[in-house]
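First comes the structure, then the notes that go with it.
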Amino acid sequence: MNSLESKVLIVTGALGGIGGATARILADAGAHVVASDLVKAGGAELADELSARGAESTFFAADLSVEDQAKALVEHALQKFSQLDGAFNNAGIPQHQKPLVEITSEEFATVMRINVLGVFHCLKHQMLAMKGGGSIVNTSSGLGVMAMPDGAEYIASKHAVVGLTRAAAVDGSRDGIRVNAILPGIVHTPMVESVFSATESPEFLQAARNFHLLGRLGEPEEMGNAVRWLLSDDSSFVTGALIPVDGGVTAGRRL
1 MNSLESKVLI VTGALGGIGG ATARILADAG AHVVASDLVK AGGAELADEL
51 SARGAESTFF AADLSVEDQA KALVEHALQK FSQLDGAFNN AGIPQHQKPL
101 VEITSEEFAT VMRINVLGVF HCLKHQMLAM KGGGSIVNTS SGLGVMAMPD
151 GAEYIASKHA VVGLTRAAAV DGSRDGIRVN AILPGIVHTP MVESVFSATE
201 SPEFLQAARN FHLLGRLGEP EEMGNAVRWL LSDDSSFVTG ALIPVDGGVT
251 AGRRL
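Just so we're aligned: 234 in full-length UniProt numbering is position 234 of the sequence shown, and the numbers increase by one with no gaps anywhere.
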């Protein structure tokens with residue numbers, strides 16, 4: 001039997017590239033997917049598609065930087081399916097592509113509110129609902145363990161997600177809850193495309209490809225397959241881990 005069969009799994013940022021691909025992979029594995037994103041548009045259609053691919057699924061719009069809405073998302077999952085077995089906390093926004101000295105306090109706060117506070121709210125209420133055990137995966141980044149120019153607020157936020165992941169793994173172990181994080185490289189998603197468009201530089205795209213040892217961007221499905229493994233019982237002895245799915249970015253550079 002597939003270890004995700006009939007499991008109830010929350011996926012945030014589900015209307016984006018990585019979130020959408022992961023939600024579909026989990027649905028194909030037989031899970032009930034509780035998909036969530038900030039906006040409602042497209043949510044009902046996604047839920048219908050996920051249900052058609054596997055078990056019954058649903059969509060719940062929420063601003064996860066607001067604690068009551070993160071709590072309501074978990075309550076929705078419990079009301080709909082009477083249990084919560086796992087979650088993929090993936091919602092986030094990119095950097096503003098400027099040096100640290102040009103980033104405003106408001107820009108810094110916005111990224112931290114969505115990328116860090118949102119994950120904290122999700123972890124808190126998911127863990128409260130999963131006292132019988134389960135698995136949670138957070139999206140950090142290769143930039144959660146390293147740095148590069150022109151993204152201090154994003155880099156700080158993804159380092160914070162690493163810290164939250166490790167802290168949650170320690171606290172969650174008391175209740176049999178595993179917590180891990182994936183560290184994506186640069187992935188071919190609409191969010192990344194928007195960053196490339198803002199630069200208006202073909203050289204920037206080629207540099208992004210060369211940033212990886214494998215010489216290309218990642219695909220959303222490659223992230224989703226890693227998440228599927230971490231949410232499944234196949235990774236039952238893995239917790240507090242940071243899993244690079246980054247084409248070798250965090251390993252080093254080619255000479």
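For each residue, glycine too, the CB sits at the ideal point set by N, CA and C. Predicted, not measured: the structure shown is a model, and the values here were computed from it.
Query raised in the report: What did DSSP end up calling V66 once you bin it into helix, strand or coil?
Result: coil
Query raised in the report: If we ignore side chains and look at the alpha-carbon of each, how far apart do T239 and G42 end up?
Result: 33 Å
Requested in this report: Note down the Cα distance separating R228 from V101, rounded to an integer number of angstroms.
Outcome: 39 Å
Requested in this report: Tell me whether R209 is buried or exposed, calling it buried when 16 or more other Cβ atoms sit within 10 Å of its Cβ.
Outcome: exposed
Requested in this report: Please state whether DSSP places H96 in a helix, a strand or coil.
Outcome: coil
Query raised in the report: Can the beta-carbon of A55 be found closer than 9 Å to that of G224?
Result: no
Query raised in the report: If we ignore side chains and look at the alpha-carbon of each, how far apart do G13 and A129 end up?
Result: 20 Å
Requested in this report: Counting only runs of 3+ residues fully inside the stretch 128-194, write out the beta strand (DSSP E) ranges in chain order.
Outcome: 134-139, 177-184
Requested in this report: Whole angstroms is fine: what's the gap from L4's alpha carbon to K40's?
Outcome: 26 Å
**Report entry** C-beta atoms of A31 and L9 nearer than 9 Å
**Finding:** yes
Requested in this report: Mark E153 as exposed unless 16 or more other C-beta atoms lie within 10 angstroms of its C-beta, in which case mark it buried.
Outcome: buried
Query raised in the report: Can you name, in chain order, every residue of its own chain whose Cβ lies under 8 Å from the Cβ of P149, other than the five neighbours on each side?
Result: P99
Report task. State buried or exposed for A77, treating a residue as buried only when at least 16 other CB atoms are found within 10 Å of its CB. Result -> buried
Query raised in the report: Could you give the residue range of the alpha helix (DSSP H) that holds T110?
Result: 105-112
Query raised in the report: How should S235 be labelled, buried or exposed, when 16 other C-beta atoms within 10 angstroms of its C-beta is the threshold for buried?
Result: buried
Query raised in the report: If we count Cβ pairs, one from each stretch, closer than 8 Å, do we get three or more for the stretch 159-167 versus the stretch 209-223?
Result: no
Query - 9 Å Cβ cutoff met for A181 and L242 - result: yes
Query raised in the report: Does DSSP put F60 in a helix, a strand or coil?
Result: strand
Query raised in the report: Taking only beta-carbon atoms, is V170 less than 9 Å away from chain C?
Result: Although the question refers to chain C, the structure presented lacks it and comprises just one protein chain.
Query raised in the report: What does DSSP give as the partner residues of V34 in its beta bridges?
Result: I10, T58
Query raised in the report: DSSP state of G17, grouped into three classes?
Result: helix
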